[in-house]
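Protein chains: 4
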Amino acid sequence: MGTVPERLIEAATRLFADKGFDRVAVQEIVDLAGVTKGAMYHYFGSKDDLLHEIYGSLLRMQTERLELIAAGDGAVEERLHSAAVDVVVTSVENFDQAKVYFRSADQLAESQRMAMRAERRRYHERFRSLVEEGRDSGVFRSDVPADLVVHYFFGSVHHLGAWYREGGALSAKDVGRHYADLLLGALVAGE
Amino acid sequence: MGTVPERLIEAATRLFADKGFDRVAVQEIVDLAGVTKGAMYHYFGSKDDLLHEIYGSLLRMQTERLELIAAGDGAVEERLHSAAVDVVVTSVENFDQAKVYFRSADQLAESQRMAMRAERRRYHERFRSLVEEGRDSGVFRSDVPADLVVHYFFGSVHHLGAWYREGGALSAKDVGRHYADLLLGALVAGE
Amino acid sequence: MGTVPERLIEAATRLFADKGFDRVAVQEIVDLAGVTKGAMYHYFGSKDDLLHEIYGSLLRMQTERLELIAAGDGAVEERLHSAAVDVVVTSVENFDQAKVYFRSADQLAESQRMAMRAERRRYHERFRSLVEEGRDSGVFRSDVPADLVVHYFFGSVHHLGAWYREGGALSAKDVGRHYADLLLGALVAGE
Amino acid sequence: MGTVPERLIEAATRLFADKGFDRVAVQEIVDLAGVTKGAMYHYFGSKDDLLHEIYGSLLRMQTERLELIAAGDGAVEERLHSAAVDVVVTSVENFDQAKVYFRSADQLAESQRMAMRAERRRYHERFRSLVEEGRDSGVFRSDVPADLVVHYFFGSVHHLGAWYREGGALSAKDVGRHYADLLLGALVAGE
DNA sequence: AATGAATGAGCTTTCATTCAT
DNA sequence: AATGAATGAAAGCTCATTCAT
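Chains as they are written, first to last, in full-length UniProt numbering: chain W, 1 to 191; chain L, 1 to 191; chain G, 1 to 191; chain C, 1 to 191.
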């Protein structure tokens, strides 16, 4: 059953993913976790803290993986493809966490927002540097700003929570590959 | 200064776009509109009604334009390109409304959610039919599900609110063209 | 269809009878009457005024009839019996009005409450004087205070709204007779 | 001073009795009880819950007592007399509670109304069965429907709140006896 | 480590009434 | 005679957080 803080994180993740941060009462979280409010405030300073905790961990994990993939030694188009597949697959495999991340990103308290943005920027930049590497080496088209490309692609990823359903016809890997194909197709297409 | 209901819609649009539906108090809306709560409830049945009104109008407008564009007589790749540009441009030109739509779509009361989903689906299907038309005529790749393509692209569009800033280096038209180019590039690229 | 004030009184009577004064909104009344709030406030000073009007008229009518009956020249037990039947029959024949009277008597504004109480007391006293007349002439028992008898009987009458249904097995006259029989039976029974 | 929920019930009882359910604000209740609204909603789900609690307890008590009295082994007219005295005495001894019951019975939310009606019906039926027992054994008159008799008597009891004042000339027992005498007088009177 | 009673500020909504037209 | 937009005060209720135990 896990420790109390683990159960709390788990409960909060499920609820935030389903209804959005603002629509979940602390009471619901502790009920689902089978503890009381006092216990929650013993481990977490606030409801915001729970949110921070939840998507911080996914983002950190994805950043680490991205850095490994990007530092690999395949061709740039292969590394970008892998990175694209990976962010989709890890998002789907941690779908509740990802949904919380996608939905409630802007709901953080001022103090934590800074830290979060810095981490997100780091991920974004690393991804962009891959795109730029491809352009510099003449493999990718260069008539579209690299930044825009990254936003374009992450938009698609963030939208997964709005339509993808686990257990349907498409596996996480399927979606990841299709997404990566579309991205690479667009970049390699050339003018 | 416009009529009271207009001022209310305007105020609500700005606030919902900035902070999200759940973070805006009715009191803030009426303060910004310069009226009292009673006046608001004279014109709108609930806070939900305001939300519905706001993005209903954008969605209706975009649907109409999409249907016109799709029914044009150019080549399918040109029609899809125009449609893609158009949804971006109209979203950016009504950016607050669009942000409300992107952020708060799922926050509607049960009753209105159905109606809204039906309208959204209609838009989605019309867009998808363009993609399918291109595949059937051999112009677009067919190894990626058409539905997924549409979700992929709309994800990018929905994400505009998270990064695009008016008055920056890129005009609405610029972004629209880049987005459309990326979409068409991916589809035409062929396997 | 009647004049506007008549329609308003009618609508208010029905609604107050059904739901109680406090549970009816002025908006509902004017909707049912097919007019607007402005029209209502043109004819009536307040929602309280409507209430006052409604049960004032029933009470006045019943008082007049009671005085006629009491002043008749039959035996006292016959006059009391007639009076008892009459208050039941007129209450049932104006059932909505009567229900309003029974339910919402205490809901009047301070100013009107005085006037109302005076009228009610007048009715009560006239009824009591009949009881006393019967006692003085040795026809009725005298071991129960006359005031209490009157309260006892009017309690039964007021309760009609809680159980009597028009169109059922018992006609207004039936109930009136049974009620009067029970009252007279108790008084004549003797010690 | 009692526990918080006790103080809340006490305060609500007094206020509901005085002004009627709809005329009492939750704020008044908590002020009188010396707590805050949050505390009230910690113990009671709604304002309706308070009402339910208040007269549920009186009704349950009276039902229990009625069943004991009715199951006794005296003559039926004695048992009915006792039952009549008892309902008056217990109502007067818990006068605020009884007034709430008499006044606000129909103000309950739909959900609780059913349960309450069932309990009231049970009380009514038990009382009626006493009346019927007396008719069957030829002690009571049978020209008046038993149901009507019960409504007639309970009407008188419900009306107590409208006229009886504690500390006056008549004790609870006095009123109870007079009421019972009037009831029995009417029933035994014979045709 | 954990409880749960209690707070206090805030929420959306209702409503009798007024008033310019 | 009548409209209906608008007010302003109050309503019932929710909720993150605190704190004595």
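In this text, a Cβ means the ideal position worked out from N, Cα and C, and glycines have one as well.
Practice task
Please state whether DSSP places W:R14 in a helix, a strand or coil.
Solution key: Helix at W:R14.
Practice task
Indicate whether at least one CB of chain W lies closer than 7 Å to the CB of L:L108.
Solution key: no
Exercise for the section: Give the DSSP-derived three-state secondary structure of C:T3 in the structure shown. Expected result: coil
Exercise for the section: Please check if any C-beta of chain G sits within less than 7 Å of the C-beta of C:A186. Expected result: yes
Practice task
Indicate the three-state DSSP secondary structure (helix, strand or coil) for C:L170 in the structure shown.
Solution key: coil
Problem - Between the CA atoms of W:G38 and W:V4 - distance to the nearest angstrom - result: Each residue's Cα considered, the two are about 12 Å apart.
Handout entry: Exposure of C:K99, with buried meaning 16 or more beta-carbon neighbours within 10 Å
Key = By the Cβ-count criterion, C:K99 is buried, with 16 or more other Cβ atoms from all chains shown falling within 10 Å of its own Cβ.
Handout entry: Inter-residue Cα distance where the pair is C:Q27 and C:A12
Key = 11 Å
Problem - Three or more C-beta pairs below 8 Å linking the region 15 to 29 of chain G and the region 109 to 117 of chain G - result: no
Handout entry: Partner residues on chain G for C:R23, Cβ-Cβ distance less than 8 Å
Key = What C:R23 touches in chain G: D22, Q107.
Problem - Local conformation of C:L140 per DSSP, three classes - result: According to the sequence provided, residue 140 of chain C is Phe. The question's Leu does not apply to it. Here C:F140 sits in coil by DSSP.
Handout entry: Nearest residue (CA-CA) to C:V131, options C:L170, C:D174, C:A186
Key = C:A186
Handout entry: Near-chain L residues of the region 139 to 158 of chain W (beta-carbon distance less than 8 Å), N- to C-terminal order
Key = R141, D143, V144, P145, L148, V149, H151, Y152, F153, F154, G155, S156, V157, H158
Exercise for the section: Within its chain, find whatever has a CB closer than 8 Å to the CB of L:R60; leave out the 5 residues flanking it on each side and keep chain order. Expected result: E119
Practice task
Could you list which residues in chain W have their beta carbon closer than 9 Å to that of L:H178, in chain order?
Solution key: D143, V144, P145, L148, V149, Y152
Handout entry: Check whether W:V85 and W:A180 have beta carbons under 7 Å apart
Key = yes
Problem - Neighbour list for L:D181 in chain W, Cβ cutoff strictly below 7 Å - result: V144
Handout entry: Stretch pair the region 132 to 139 of chain G + the region 48 to 56 of chain G: three plus CB contacts closer than 8 Å
Key = The region 132 to 139 of chain G vs the region 48 to 56 of chain G: no contact.
Exercise for the section: Indicate whether W:G176 and W:V88 have their beta-carbon atoms separated by less than 7 Å. Expected result: yes
Problem - When L:T90, L:Q107, L:M116 are compared against L:L16, the one with the closest alpha-carbon - result: According to the sequence as given, residue 16 of chain L is Phe; it is not Leu. Nearest C-alpha to L:F16: L:Q107.
Practice task
Quick one: measure Cβ to Cβ for L:L183 and L:F153, integer angstroms, because I've assumed they're closer than 8 Å.
Solution key: 5 Å
Handout entry: Residue span of the alpha helix (DSSP H) that contains L:A39, given as start and end
Key = 37 to 43
Problem - Cutoff 7 Å; reference C:L58; Cβ partners in own chain excluding five residues on either side - result: N94, Q97, A98, Y101
Problem - Segments of 4+ residues assigned as alpha helix (DSSP H) that fall wholly inside the region 29 to 96 of chain W - result: 37 to 43, 47 to 70, 76 to 93
Exercise for the section: Taking all protein chains shown into account, decide if G:R23 is buried (16 or more other Cβ within 10 angstroms of its Cβ) or exposed. Expected result: Per the 10 Å Cβ criterion, exposed.
Exercise for the section: Give me the Cα-Cα distance between G:V188 and G:M40, rounded to the nearest whole angstrom. Expected result: C-alpha of G:V188 to C-alpha of G:M40: approximately 50 Å in a straight line.
Exercise for the section: Using 10 angstroms around the beta-carbon of C:K173, count the other beta-carbons present and answer buried if the total reaches 16, otherwise exposed. Expected result: That one is exposed.
Handout entry: Which listed residue (W:R14, W:G167, W:G20, W:T63) has its alpha carbon closest to that of W:R126
Key = W:T63
Practice task
Closer than 7 Å by C-beta to W:S137: which residues in its own chain qualify, once you throw out the five before and the five after it? Chain order, please.
Solution key: V76
Handout entry: For G:L21, the first and last residue of its enclosing alpha helix (DSSP H)
Key = According to the sequence provided, residue 21 of chain G is Phe. The question's Leu does not apply to it. First-last for G:F21: undefined, no H or E at that position.
Exercise for the section: Using the Cα positions of W:M1 and W:L32, report the straight-line distance between them to the nearest angstrom. Expected result: 12 Å
Practice task
Determine the contact status of G:V35 and C:H178, defining contact as a CB-CB distance below 7 Å.
Solution key: no
Handout entry: DSSP state of C:A25 mapped onto helix, strand, coil
Key = coil
Problem - Cβ-Cβ distance between W:H151 and L:H158 below 7 Å - result: no
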